[in-house]
Ligand code: SF4
Ligand code: SF4
C-alpha cells in the first residue's frame, strides 16, 4: 500500500478503506474498482474523439461548415437526408398498391382483400390529413358539413361521382366545379316571412314531421313555384344540381322548424375545395374509395336518387 | 525454504500450495490491477457433477437448433426457432405470436421465481453449476490446462521468459479459445433462421448482415468474458451477487467452511495428535482450486459462486489425513452456530420465504399451463367504430361499423363463415368478400385478417338505445368456432 493509503481509515468489517466521509456515523466505503474498468472509461473518451471526427458534433460559426451551423464530420451524416431516403423508400413501397388501385373498379377493390386493406389504410391517412377538419375525424360530419358515412349524397354517391366531386370541388375555384346556388329567400326578400313559414311546414311534411294542414297547403303552392325546379315537384331533389332530397330524414343544416326556416331565409352556400391541385390522381382514387367504403357508397347503376 | 521443510512431514500425498487468496478483502486496492488466478484441477463428486452439467448444457446449446419438428408444409420445421422476420416463436409444439408475448413474460417470471427459490434453499446453485459464464469459463480453463498444464505449471510458464515452448502453448490456447468462441457466437444465430440454411449461407458469405454482426459480437464477448475476464464478470459486472444477498438467509444451505471443526488451523505432521486443534491443516488446497481467487475460510463472500470445488479439494485432504470429510461442505450458517454451541443441526426447508417463492411459482406455472392448454387456433375480436357512434341512414335505419379481426393460428388456410348473432332484422355487410358468398372469408395459414363489417338495423326494428350482438366465425370444414360480443348502438332514447 502506498503512503497515501496508509493514512486512510480501513473499515474493520469489510477490510475496505473508507472515503473519510461520514454522515451520522455512516461511513462511505471506497470499494476498489478494477483497473480494466478505468481503461474502459479511457476507451470511451477516445471513442468520443473518433465520433467528433466522423459524425456531426460541434456547433460552428456561420460559414465555417458550409450550409449548416455545425461540423459535418467525415461521414457527412444527416438525419434529414435519412428521413428523405426513408420517405422515398416508403413511396416505392406504396407504388405497387397505387398502381393496382389505378384503373380498378370499386367492386374489384372490394373483392381483393389485399388491395382493400391498402386502400383503407392509404385513404384513412389522406382523409385524416385533409378532410377531417371539416367532416370530422370519423367522417361523421357537422351542421353544414355532410356526414360521409350515410347514404345521402348531394352530388351522387357512386365511386366515379365521389371522385369527380373530390377532383373539382363544390363551389370552388376550379373551372368545372360542381355549382348550384339556392336563393336567400328571406335575406333577399324574395319571400315574406309568412311564406317562408308555410313552405317550411310543407317541406317538413314531406318527411312526416309537420301536421299543420293549413300551412302545408299554402306552402305547397310556394314550393311549386319557387323550389320544385331544383328540388323536383315531389321534393326528392336533383343530384345534377346538387339539390338535396327533402323527403328523407337527413338534414344537412338541421331538421328542426327553426333550422329549416333559417336555411330557406339565408340560402346556404357550402364550399368544398377542389383537391385536384393538392392531391395527385392516385391519392384522390384512394380517398374516393375510402369515402365510398365508409358504408354509403352507391352502385354506379343506381338512379340519380337511388336510395 | 520449501513448504515441506517448514511444516515437517505431512501425511503421504498431501499437497501444499502457496496459494494466495488474491481477491481477499485485505489485498484490495483502489483501481486494482487484476491478479491472475490459476485454478487447480479438483477431483471429486462436485467436479464430476460439473463436468456432466457442462456436457449437458453445451450439448443442449449447440444441438437444439438442429432438432426438427414437423409443422406442415407452410411452417418452418426447426424445433426451436425465433423467427423475427415473420414475428413467430416456435418451441416444439408451441407457437407464439407477438401478441402472446405474455407466454415469454410468464416464462421469465417462472425462471426468476425458480432462481429465487433455489437461492433460498441452496444458495447460488445457478452460479456454481449452470450459469453460461461459469460453464464457458470452466471450459476455457480446461483448454488452458490442456495447453499449459495444471496450476503450478501455469504459474511457472507465466513467470518464465518467452520461448518457443511458451509461445506455442499460448498460441494454441488462444487459437482453441477463439474457435470455441466462434462456435458459440455462430450457434447463437442458428436460433433465428433455419439452422442448416444459415450454416451454409454463413460460410458462403450470403447470410444476413445481422448474422455476421451477432456472430462477431458473441465471438468477441465469449472470448473476452470466458477467456480473459472470468471472475471479473461475476464480481463486477453481474448484478446477481448483489441481489443474491436478499434472496438467501442464514438457513439456506451454502458452501461453508465448518469453523467449529477447522479451527484452530495449523500444519499437521503425520502421527501428531488431533487433540486440541482443528482439522484444517492450512494446506490451502481450497484456495488453490477456487476459480474466484478467494478463501472460503473467510466466511460467506460476495465473490463466491458456490461452485463447490473447494469441497472436493478439502475432502481429498481430509481423506488423506484420516479425518472425516465435510470440513468444507454444504451447510447453513445457523447450523455452524449450532455446531459451535455443541447442538445438533436442524434444517428447515419450509420457511415463509421458501413458501412464498414456491407458492408464487406454482401459481404462475398453473396459470401458464392453463393458458397454454386453452389456447385455440382460431381467435376473433372486434372493435366498434366510436366516431361516429352510429350512422342514421335516409330511411331512418341505423348503421354501426366494426373492425373484426380474425386470427388463424393453424398451419393451413381455412374457409370460414363470419356471421352476426342477435336481432334477426340486422343486415350485415362485410367488405372484402365475394358477392356470391357474402358471409364466407378465407384466411391464409398462420395469418390474421381484418374485416370492415357494417351492420344495419331497420327503423322499425329499433326498440332501445342499443342491442347486444355477437360475432361468430366458424370453420366450414372443421366446425371450430370463436365468438366475440359487441353491441349495436341505435341512438334511440
Ligand atoms: S480448509 Fe481444507 S483444503 Fe482448505 S486449507 Fe484447510 S484443510 Fe486445506
Ligand atoms: S470459495 Fe469454494 S465454492 Fe466459492 S467460488 Fe471458491 S471454490 Fe467455489
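Residue numbers (this note's numbering), protein chains in the order written: chain D, 1 to 307; chain W, 308 to 800. Even glycine gets a Cβ: it sits at the ideal position worked out from N, Cα and C.
Where residue i falls, given that 16 or more other Cβ within 10 Å makes a residue buried
i: residue 450(W); result: buried
i: residue 538(W); result: buried
i: residue 77(D); result: exposed
i: residue 286(D); result: buried
i: residue 610(W); result: buried
i: residue 795(W); result: buried
i: residue 694(W); result: exposed
i: residue 56(D); result: buried
i: residue 673(W); result: exposed
i: residue 45(D); result: exposed
i: residue 737(W); result: buried
i: residue 357(W); result: buried
i: residue 261(D); result: buried
i: residue 85(D); result: exposed
i: residue 644(W); result: exposed
i: residue 576(W); result: exposed
i: residue 135(D); result: buried
i: residue 8(D); result: exposed
Segment limits, beta strand (DSSP E) that includes residue i
i: residue 560(W); result: From DSSP, residue 560(W) is part of no beta strand (DSSP E); its letter is neither H nor E.
i: residue 737(W); result: 734–737
i: residue 398(W); result: 395–398
i: residue 21(D); result: 18–23
i: residue 755(W); result: 754–764
i: residue 387(W); result: 387–390
i: residue 709(W); result: 705–715
i: residue 775(W); result: 773–782
i: residue 29(D); result: 26–29
i: residue 769(W); result: That residue, residue 769(W), is in no beta strand (DSSP E); it is neither H nor E in DSSP.
Residue i, DSSP secondary structure in three states
i: residue 667(W); result: helix
i: residue 269(D); result: coil
i: residue 723(W); result: strand
i: residue 93(D); result: helix
i: residue 833(W); result: What the structure shows of chain W is the stretch from 308 to 800, and residue 833(W) is not part of that stretch, so it cannot be assessed.
i: residue 223(D); result: helix
i: residue 13(D); result: coil
i: residue 728(W); result: strand
i: residue 540(W); result: helix
i: residue 382(W); result: coil
i: residue 687(W); result: strand
i: residue 697(W); result: coil
i: residue 750(W); result: strand
i: residue 238(D); result: strand
i: residue 274(D); result: coil
i: residue 34(D); result: strand
i: residue 39(D); result: helix
i: residue 407(W); result: helix
i: residue 77(D); result: coil
i: residue 178(D); result: strand
i: residue 326(W); result: coil
Start-to-end residues for the alpha helix (DSSP H) that takes in residue i
i: residue 115(D); result: 113–130
i: residue 290(D); result: 281–291
i: residue 198(D); result: 193–206
i: residue 789(W); result: First-last for residue 789(W): 788–796, but that is the beta strand (DSSP E), not the alpha helix (DSSP H).
i: residue 366(W); result: 352–370
i: residue 162(D); result: 159–168
i: residue 321(W); result: Counting along the chain, residue 321(W) falls outside any alpha helix (DSSP H), and DSSP gives it neither H nor E.
i: residue 566(W); result: 566–569
i: residue 344(W); result: That residue, residue 344(W), is in no alpha helix (DSSP H); it is neither H nor E in DSSP.
### Message
Going residue by residue through the stretch 421–505 of chain W, where are the continuous alpha helix (DSSP H) segments of at least 4 residues, counting only ones entirely within it?
### Response
DSSP runs (the alpha helix (DSSP H)) wholly in the stretch 421–505 of chain W: 439–455, 458–466, 471–496.
Using a Cβ distance threshold of 8 Å, determine whether the stretch 394–407 of chain W contacts the stretch 515–528 of chain W, with at least three qualifying pairs required. Short answer: they don't touch.
| query | Is the stretch 94–111 of chain D touching the stretch 264–271 of chain D, taking contact as three or more C-beta pairs under 8 Å? | reply | No: the two stretches stay apart, fewer than three of their Cβ pairs being nearer than 8 Å.
Which whole runs of the beta strand (DSSP E) in the stretch 581–658 of chain W are 3 residues long or more, in chain order? Fully enclosed beta strand (DSSP E) runs of 3 or longer: 635–638.
Three or more C-beta pairs under 8 Å: does that hold for the stretch 238–249 of chain D against the stretch 174–183 of chain D?
They touch, by the three-pair rule.
Query raised in the report: Would you call the stretch 115–124 of chain D and the stretch 92–105 of chain D in contact, with 3 or more CB pairs under 8 Å?
Result: They touch, by the three-pair rule.
Do the stretch 248–256 of chain D and the stretch 135–149 of chain D touch if we need at least three Cβ pairs shorter than 8 Å?
As far as the Cβ criterion goes, the stretch 248–256 of chain D touches the stretch 135–149 of chain D, which means the pair count is three or higher.
Inset, instruction - Kindly confirm or deny that the stretch 612–627 of chain W and the stretch 656–667 of chain W touch, where touching means at least three C-beta pairs closer than 8 Å. - result: Result no; under three Cβ-Cβ pairs closer than 8 Å.
Segment contact flag, the stretch 755–766 of chain W with the stretch 726–737 of chain W, C-beta cutoff 8 Å, min 3 pairs: Proximity of the stretch 755–766 of chain W to the stretch 726–737 of chain W meets the contact definition, three or more beta-carbon pairs being nearer than 8 Å.
Quick check: the stretch 782–790 of chain W against the stretch 693–712 of chain W, are there 3 or more CB pairs under 8 Å? No, the stretch 782–790 of chain W does not touch the stretch 693–712 of chain W.
At a cut of 8 Å, does the stretch 366–381 of chain W reach the stretch 443–462 of chain W through at least three beta carbon pairs? Contact between the stretch 366–381 of chain W and the stretch 443–462 of chain W is absent, with fewer than three C-beta pairs closer than 8 Å.
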